[in-house]
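> Taking full-length UniProt numbering, I'd label the letters of the sequence shown as residues 1 to 296. Glycine residues also receive a C-beta, built at the ideal position from the N, C-alpha and C atoms. One structure, pasted below without further comment.
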Amino acid sequence: MAHKQDDSPHLTPPEASQKSDSSTPPAFEPRSRSKKKAASSMKPKPHISHFDGPWHVALRKLRKFAPLSPRAATSVFIVTAACGLLFIVSAQAKNDADNLGRDTNLISLVRASQDEVETLDFEVSALRDIVSQYANSSGQTQTEDTSITSLAAQPVTGPGVTITLTDAPQQAIPDGATPNDLVIHQQDIEDVMNALWNGGAEAMTVQGVRVTGQTVIRCIGNVILVDGQPFSPPYVVEAIGDPNALTEKVNANPRIVNYKAYVALYGLGWDLETNKSLHLPAASVKTFNSYAQVVD
């Protein structure tokens, strides 16, 4: 790197002597010498090289150290290798611990799944036993069902009662009444049926249709449907059983008591007749249920 030039306006000695000779009297020569002395006493700026950066300075400092001896170099190598080996062992130990945790979780999951499978197997076995019991008892159940079905499938004869319900006479609607108060409804027939069953009825018909567990009574307009067959009043309900017990339960039934109040107020029809012998027809085949069977 070139030296930095000094830009100060001082003059070189030859120029100073020439200028002193031409423009300054000889008496001022000592002042001229003091200038030279001052100029010569100024120190130049230090030289800066391109290789004086911090890294180069550090390298120059390192050169001051003597090279390592073979024993020292061996020691450094051994320490470095030991540190590296320790790092590798630590990393491997951490990986082994993580893998052990994963293995433990997998083992727990497998054991839980096995327990769940055992529980489900137990439930399946229990259900199979229940199915086997039902399958083995199907013959007895079928016999019982057949006997019950045969009761409704066969005509029945015996003592009982006959109850007849009719609408009120066709006349002007009484004060305080509505048209619905003057006609027989589905609920009225069902109230009579329930009272007879409660009295111990063994068999029953409504409008001559044998009543079973599938019998449906519906009111549509001015007619009553019994298992889909339309009927108009009067509505007749017959039941076989002890006539006295049937009569007692019917008369004591609160719903029947309420109906008899309408009989007194608006003229609805009510008639209960005991019979020594009633003949009720068999139920229709379509009113019976069919059941699924176990297939091996």
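Between which two residues does the alpha helix (DSSP H) harbouring Gln171 extend?
Looking at the DSSP string, Gln171 is not in any alpha helix (DSSP H), and its letter there is neither H nor E.
> Which word fits Ala112, buried or exposed, when buried means at least 16 other C-beta atoms lie within 10 angstroms of its C-beta?
exposed
> Just grab the DSSP bridge partners of Met204 for me.
Ala239
> Check whether the Cβ of Leu182 lies closer than 6 Å to any heavy atom of the ligand GTP, and answer yes or no.
No copy of the ligand GTP occurs in the structure displayed, which carries no ligand at all.
> Can the beta-carbon of residue 301 be found closer than 7 Å to that of Asn194?
Residue numbering for the chain in the displayed model covers 1 to 296; residue 301 lies beyond these limits and cannot be assessed.
> Measuring alpha carbon to alpha carbon, tell me which of Asn180, Met204, Val237 ends up nearest Gly221.
Asn180
> How far does the alpha helix (DSSP H) with Asp271 in it reach, from first residue to last?
Looking at the DSSP string, Asp271 is not in any alpha helix (DSSP H); the run it does join, the beta strand (DSSP E), is 269–280.
> According to the Cβ coordinates, are Tyr235 and Leu182 closer than 7 Å?
When the beta-carbon positions are compared, Tyr235 and Leu182 stay at least 7 Å from each other.
> Starting from the Cα of Ala153, find the closest Cα among Met204, Thr164, Ala245, Gln187 and give me that residue.
Met204
> In whole angstroms, what is the alpha-carbon distance linking Leu85 and Phe77?
12 Å
> Taking C-beta to C-beta, are Ile163 and Val237 nearer than 7 Å?
yes
> In the structure shown, what three-state DSSP assignment does Ser41 receive?
Interpretation of Ser41 is limited by its pLDDT of 48, a score under 50 that renders its predicted location unreliable; the figure taken from the coordinates is listed afterwards. DSSP places Ser41 in helix when its eight states are reduced to three.
> The alpha helix (DSSP H) spanning Ile184 covers which residue range?
Run containing Ile184: none; DSSP gives neither H nor E here.
> Only counting the same chain, and skipping five residues up and downstream in sequence, which positions put a Cβ closer than 8 Å to that of Asp191?
Asn253, Arg255, Ile256, Tyr259
> Given a cut-off of 7 Å on the beta-carbon distance, is the pair Ile240 and Ile217 in contact?
no
> Pro159 and Pro243: beta carbons closer than 7 Å?
yes
> Using alpha carbons as the reference points, say which of Ala201, Val89, Thr80, Asp175 lies closest to Thr247.
Ala201
> Excluding five sequence neighbours on each side, which residues of the same chain lie with their C-beta closer than 7 Å to the C-beta of Ala81?
Excluding the 5 residues flanking it on each side, Ala81 has no same chain C-beta neighbour closer than 7 Å.
> Excluding five sequence neighbours on each side, which residues of the same chain lie with their C-beta closer than 8 Å to the C-beta of Leu196?
Val161, Ile163, Met204, Val237, Ala239, Gly241, Leu246, Lys249, Val250
> DSSP on Gln154, reduced to helix/strand/coil?
coil
> Is Ala283 buried or exposed, if buried means 16 or more other CB atoms sit within 10 Å of its CB?
With a 10 Å radius around the Cβ and a threshold of 16 neighbouring Cβ atoms, Ala283 comes out buried.
> What are the boundary residues of the alpha helix (DSSP H) that includes Val216?
Segment: none, Val216 is in no alpha helix (DSSP H) and carries neither H nor E.
> Return the CA-CA distance between Thr215 and Val209, expressed in angstroms with no decimal places.
9 Å
> Any idea what DSSP makes of Pro254, helix, strand or coil?
helix
> Which first and last residues belong to the beta strand (DSSP E) in which Pro230 is found?
229–231
> State the DSSP-derived secondary structure class of Gly199, mapped to helix, strand or coil.
coil
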